[in-house]
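For the protein sequence lines, the chains are A and B, in the order given.
Numbering of the first sequence is given in this note's numbering, commencing with residue 60 and proceeding in unit increments.
Numbering of the second sequence is given in this note's numbering, commencing with residue 4 and proceeding in unit increments.
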Amino acid sequence: MIINLRIWRQEGPDSPGKLADYTVREASEHMSFLELLDVLNEQLLADGDDPVEFDSDCREGICGSCGLMVAGIAHGPQKRTAVCQLHMRSFKDGDTITVEPFRAHAFPVIRDLVVDRSAFDRIIAAHGYVSVTTGSAPDANAIPIPKDAAEEAMDYAACIGCGACVAACPNGSASLFTAAKIAHLAQLPQGQVEASQRVMAMVDQMDVEGFGDCSNYTECEAVCPKGISVDGIASMRRAYMKGVLSG
Amino acid sequence: MKLMNALMSPVGRKVLTGATGIGLVAFVIAHMIGNLTYLSPDVNAYNAYAYKLMSLGWLFYTIEILLALCFLLHAVVGISIQVRRRKARPVGYKFYKSAGAPGKSGYSARSMIFTGIILLGFLILHLNSFKYGPGVAEGYTVELAGIGEVRDLRRLMTEKFQEPLYAFGYPLVMILLGMHMRHGVWSALQSLGVMSRRLSPYLYTTAAILGVLVAVGFLFVPLYIYFGV
């Protein structure tokens with residue numbers, strides 16, 4: 060199949076960027092979208108041009124490294140799929156696909172389609188963890204956890220921190236990411252001790268990083284490759300209010 | 004101070020918008036039901052209702068002050084969220100598309116800032132036309148049995164809604180109010196942390212029903228008067 064691409068090219072963080080047009084003539088419907096970009100880069104290198112920079116690692120949809128706006132949607136049109144698992148069979152022969160980096164003040168573009176998502180790391184560093192004394196691993200069932208709580212914690216723990224929620228949010232809010240991390244630990248007994256400090260510190264860090272406010276558009280849930288529910292955002296707000304009221 | 008900081012946080016701003024929004028929803032529902040007394044077979048019912056409201060005294064003024072605060076906070080925080088949105092994404096997308104379901108970002112969600120600003124402008128005009136419009140001093144009076152002479156709001160309302168601008172302008176704004184509530188009601192509940200896996204589908208539907216009911220309830224009286232049914 061022939062695929063036309065309009066890709067955001069930008070030399071560096073402070074350089075102006077623009078959309079550039081390319082055509083890949085030897086695309087296959089079995090390729091992933093990133094493999095299509097690999098083929099394009101081979102083409103560009105053969106022509107002596109700079110390849111298009113983009114992030115990827117596992118290419119199995121579980122590491123959260125990749126993330127592009129494909130045809131106007133974070134991770135592309137296939138639901139619950141990271142862009143590395145998006146296959147060209149989702150497109151038609153002759154399609155023109157616009158590819159842009161995830162856009163947010165807190166996600167500055169480094170080059171082409173690569174953005175710096177370390178703002179997420181700083182939100183986690185603020186308190187996205189449980190403080191424990193290190194030592195030998197505890198027995199697996201030493202702390203009983205109800206099945207439903209374990210399931211819900213796992214649903215939120217599925218967040219891979221790719222940043223699609225921020226990219227898709229019309230306000231550039233990081234609420235779904237932050238909420239997923241808070242809601243995950245809030246389900247578990249180990250997370251209770253520092254519940255209030257955690258939610259306060261992580262929400263404050265989200266603000267410091269310059270993410271926007273949530274307007275409950277729920278575009279984040281629609282693009283999340285792991286299908287994290289916005290119910291987690293309601294849970295984060297409950298925890299925050301509880302934290303404020305309990306001092 | 005700690006509470007002020009909390010209210011200014013990203014969660015606090017949403018809690019403020021949601022809580023003030025719920026207060027305003029309670030007000031519009033009460034206002035709509037009150038307006039429907041215009042349709043009562045007893046021609047004095049509407050004026051009697053308005054008189055009873057005013058005779059609540061300090062309670063009435065307290066509610067008025069609280070409502071004014073709700074409007075002010077709701078508008079200020081709502082506009083500040085919109086302003087922050089531009090800062091949070093200084094460079095926009097060349098091509099952006101809504102991803103659709105399970106997202107709930109329809110016309111009502113996307114137009115909150117526009118419907119909100121129109122409603123704010125409308126509120127000023129509305130207060131000027133009715134609350135601060137012609138009253139007893141201008142001869143708009145009526146004699147109510149057992150009460151005496153009171154302001155004839157029913158006459159003012161009947162006169163105003165015979166003008167096409169009011170008769171059709173009002174219903175149009177009320178449709179926008181319904182849209183604002185369609186997203187606003189469930190969004191407020193989400194902001195206040197009420198939504199959950201079990202409740203969300205019911206509350207989302209309730210918000211839609213409430214939006215339609217309030218819009219229809221409000222546009223009924225102006226059209227009833229204009230067409231002289």
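By construction, the Cβ of each residue, glycine as well, lies at the ideal position given by its N, Cα and C atoms.
Being a predicted model, the structure only gives us computed values, none of them experimental.
Which listed residue (the options) has its alpha carbon closest to that of residue i
| i | options | result |
| --- | --- | --- |
| Arg297(A) | Gly131(A), Leu93(A), Ala242(A), Ser149(A) | Ala242(A) |
| Thr82(A) | Phe161(A), Gly71(A), Leu93(A), Leu103(A) | Leu103(A) |
| Pro137(B) | Ile127(B), Ala148(B), Glu162(B) | Glu162(B) |
| Cys73(B) | Ala22(B), Ala140(B), Leu226(B) | Ala22(B) |
| Thr209(B) | His186(B), Val219(B), Gly231(B), Phe221(B) | His186(B) |
| Met184(B) | Pro13(B), Gly24(B), Leu10(B), Met11(B) | Gly24(B) |
| Phe166(A) | Ser232(A), Tyr188(A), His186(A) | Ser232(A) |
| Val252(A) | Phe92(A), Val98(A), Gly107(A), Ser190(A) | Ser190(A) |
| Leu10(B) | Asp180(A), Met259(A), Phe113(A) | Met259(A) |
| His110(A) | Ile121(A), Leu93(A), Gly126(A), Arg118(A) | The amino acid occupying residue 110(A) in the given sequence is Pro; His does not appear at that position. For Pro110(A), the nearest C-alpha among the options comes from Leu93(A). |
| Asn275(A) | Glu268(A), Ala227(A), Val303(A), Pro284(A) | Ala227(A) |
| Val14(B) | Met265(A), Ser288(A), Ser305(A) | Met265(A) |
| Met160(B) | Asn38(B), Ile178(B), Ser108(B), Leu126(B) | Asn38(B) |
| Leu180(B) | Leu122(B), Val224(B), Ile68(B), Arg92(B) | Leu122(B) |
| Leu70(B) | Gln85(B), His34(B), Lys90(B) | His34(B) |
| Glu85(A) | Gly153(A), Thr140(A), Asp108(A) | Gly153(A) |
| Gly131(A) | Cys122(A), Asp106(A), Leu64(A) | Leu64(A) |
| Phe270(A) | Arg89(B), Val215(B), Leu222(B), Arg200(B) | Arg89(B) |
| Phe150(A) | Met60(A), Tyr299(A), Gly291(A) | Met60(A) |
| His129(B) | Val139(B), Phe164(B), Gly149(B) | Phe164(B) |
| Ile315(A) | Ala254(A), Ala217(A), Ala293(A), Gly306(A) | A question about residue 315(A) goes unanswered here, because the residues of chain A that appear run from 60 up to 306. |
| Asp206(B) | Asp45(B), Tyr173(B), Leu192(B), Val215(B) | The displayed chain sequence assigns Leu, not Asp, to residue 206(B). Checking every option, the nearest Cα to that of Leu206(B) belongs to Leu192(B). |
Span of the alpha helix (DSSP H), counted from its first residue to its last, around residue i
| i | result |
| --- | --- |
| Asn257(B) | Since the first residue shown for chain B is 4 and the last is 232, residue 257(B) is missing from the structure and cannot be characterised. |
| Gly250(A) | 248-251 |
| Gly81(B) | 61-91 |
| Phe92(A) | 92-105 |
| Ala112(B) | 110-113 |
Residue range of the beta strand (DSSP E) that includes residue i
| i | result |
| --- | --- |
| Arg65(A) | 62-68 |
| Glu146(B) | 144-147 |
| Gly151(B) | 151-154 |
| Lys77(A) | 77-83 |
In chain order, each alpha helix (DSSP H) run of at least 4 residues that lies wholly inside the segment 13-59 of chain B
You should have 13-38, 48-57.
Using Cβ-Cβ distances below 8 Å, what residues of the segment 115-135 of chain A are close to chain B?
Listed in sequence order: Met128, Ala130, Gly131, Ile132, Ala133.
Let me know the alpha helix (DSSP H) ranges lying completely inside the segment 119-206 of chain A, each 4 residues or longer, listed in chain order.
The qualifying runs are 177-186.
With 7 Å as the C-beta to C-beta threshold (strictly closer), list the residues of the segment 151-179 of chain A near chain B in chain order.
Going along the segment 151-179 of chain A in chain order, one finds Thr157, Glu159, Arg162, Ala163, His164 with a Cβ nearer than 7 Å to chain B.
Residues of the segment 92-116 of chain A in Cβ contact with chain B at a cutoff of 8 Å, in chain order, please.
Residues passing the 8 Å Cβ filter: none.
Tell me, please, whether the segment 244-251 of chain A touches the segment 64-83 of chain B by the rule of three or more beta-carbon pairs shorter than 8 Å.
Because the criterion of three Cβ pairs below 8 Å is not met, the segment 244-251 of chain A and the segment 64-83 of chain B do not touch.
If you measure beta-carbon to beta-carbon, which residues of the segment 85-98 of chain B are closer than 8 Å to chain A?
For chain A, the residues of the segment 85-98 of chain B that bring a beta carbon within less than 8 Å of one of its beta carbons are Arg87, Arg88, Lys90, Ala91, Arg92, Pro93, Val94, Gly95, Tyr96, Lys97, Phe98, in chain order.
If the cut-off is 8 Å on Cβ atoms, which residues from the segment 228-245 of chain A count as contacting chain B, listed in chain order?
So the list reads Pro229, Asn230, Gly231, Ser232, Ser234, given in the order they occur along the chain.
Cβ contact (3+ pairs, closer than 8 Å) linking the segment 172-181 of chain A and the segment 149-162 of chain A:
With the cut-off at 8 Å, the segment 172-181 of chain A and the segment 149-162 of chain A touch.
Contact between the segment 107-123 of chain B and the segment 185-202 of chain B: three or more CB pairs below 8 Å?
Yes, the segment 107-123 of chain B is in contact with the segment 185-202 of chain B.
Uninterrupted alpha helix (DSSP H) stretches inside the segment 121-202 of chain B (no shorter than 4 residues)
Within the segment 121-202 of chain B, the complete alpha helix (DSSP H) runs of at least 4 residues fall at 156-163, 167-194.
Could you please tell me which residues of the segment 97-117 of chain B, in chain order, have their CB closer than 8 Å to any CB of chain A?
From the segment 97-117 of chain B, only Lys97, Phe98, Tyr99, Lys100, Ser101, Ala102, Gly103, Ala104, Pro105, Gly106, Lys107, Ser108, Ala112, Arg113, Met115 have a Cβ closer than 8 Å to chain A.
What are the residues in the segment 159-188 of chain B lying within 7 Å of chain A by C-beta distance?
Residues passing the 7 Å Cβ filter: none.
Contact residues within the segment 262-274 of chain A, judged by C-beta distance below 8 Å to chain B
Along the segment 262-274 of chain A, going in chain order, the ones with a CB nearer than 8 Å to a CB of chain B are Val262, Asp263, Met265, Asp266, Gly269, Phe270, Gly271, Asp272, Cys273, Ser274.
Please specify which runs of the alpha helix (DSSP H), each continuous and at least 4 residues long, are wholly inside the segment 216-301 of chain A, giving them in chain order.
For the segment 216-301 of chain A, whole alpha helix (DSSP H) runs of length 4 or above, ordered along the chain, are 223-227, 234-245, 248-251, 254-267, 278-282.
Quick test of the definition: if touching needs 3 or more C-beta pairs under 8 Å, does the segment 137-155 of chain B touch the segment 52-60 of chain B?
Verdict: yes, contact present.
For the segment 198-209 of chain A against the segment 271-291 of chain A, do three or more pairs of beta-carbon atoms, one drawn from each stretch, fall closer than 8 Å, so that the two count as touching?
In the pairwise beta carbon analysis, the segment 198-209 of chain A is classified as not touching the segment 271-291 of chain A: fewer than three pairs are separated by under 8 Å.
Given 8 Å, three or more beta-carbon pairs between the segment 163-182 of chain B and the segment 81-100 of chain B
In this structure the segment 163-182 of chain B does not touch the segment 81-100 of chain B; the number of beta carbon pairs closer than 8 Å is below three.
Return the residues of the segment 11-26 of chain B that lie within a Cβ-Cβ distance of less than 7 Å from chain A, sorted by chain order.
Here the close residues are Ser12, Pro13, Val14, Arg16, Lys17, Val18.
Closer than 7 Å, Cβ to Cβ, to anything on chain B: give me those residues from the segment 71-84 of chain A, in chain order.
The segment 71-84 of chain A vs chain B, Cβ under 7 Å: Leu78.
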